[in-house]
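For this note's numbering, count along the sequence shown from 1 and bump the result up by 12. First comes the structure, then the notes that go with it.
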Amino acid sequence: MTASSYQKGMTLIESMIVVAVMAILVSLAVISYRGFILEARRDDAKQLLYLNVSRLQRCFTLEGVYNGSCVIRTTSEEGYYSLTSAITATTFEMTASPVADLSQAEDAACTSFTTNNNGVQEATGSAAQDCW
């Protein structure tokens, strides 16, 4: 055989192997990225709770009650979480839960965040101990 008769380039099988390896790498990257995004959006819930705790503490300082003229937000700034609350004159408890129709509802690790007037912070989900 002469030097010019050697095969140059890639065969179809080699090309298919490269495409398969690339597909596997891309799928792993997408899964990691989705997990990162879900985790990053949890800050939206925490921010909503911190903002409302601050407002309620200010109202309590000025008026002596939590349920006075204090106005609280019911949805997070990015819109991924909604707030449910139980506010009395001397206590409050607030829970931020993902909005059902949005992608954050798929976050099984941290399904809700709760705080109260005593500063107790709790979370529910499969990894609740790591949520806060």
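Yeah, the Cβ is synthetic: ideal placement off N, Cα and C, and Gly gets one too.
Can you tell which of the options has its C-alpha closest to the C-alpha of residue i?
{"i": "G137", "options": "Y18, Q116, N129, N130", "result": "Q116"}
{"i": "E91", "options": "E105, R54, V65", "result": "Correcting the residue type first, residue 91 is Gly in the shown sequence and not Glu. Selected option, being the one with the closest Cα: R54."}
{"i": "R82", "options": "E105, I99, D142", "result": "The amino acid at residue 82 is misidentified as Arg; the sequence shows Cys. Nearest option by C-alpha distance: I99."}
Quick one, are the C-beta atoms of residue i and residue j less than 9 Å apart?
{"i": "T96", "j": "N129", "result": "no"}
{"i": "E134", "j": "T123", "result": "no"}
{"i": "L50", "j": "D119", "result": "yes"}
Taking the alpha helix (DSSP H) that residue i falls in, what are its first and last residues?
{"i": "I99", "result": "Run containing I99: none in the alpha helix (DSSP H); it sits in the beta strand (DSSP E), 93-99."}
{"i": "S44", "result": "24-75"}
Quick check on the DSSP output: the beta strand (DSSP E) that includes residue i runs from which residue to which?
{"i": "E105", "result": "104-110"}
{"i": "A135", "result": "133-136"}
Could you check the C-alpha separation between residue i and residue j for me, to the nearest Å?
{"i": "A121", "j": "A140", "result": "6 Å"}
{"i": "I29", "j": "F48", "result": "29 Å"}
{"i": "L63", "j": "R85", "result": "8 Å"}
{"i": "P110", "j": "A52", "result": "13 Å"}
{"i": "D142", "j": "A112", "result": "22 Å"}
{"i": "M34", "j": "I25", "result": "14 Å"}
{"i": "Y18", "j": "L114", "result": "57 Å"}
Taking 8 Å as the cut-off, does the segment 75-88 touch the segment 38-52 (at least 3 CB pairs, one atom from each stretch)? no
For the structure I just gave you, are there three or more beta carbon pairs, one from the segment 52-62 and one from the segment 31-41, closer than 8 Å? no
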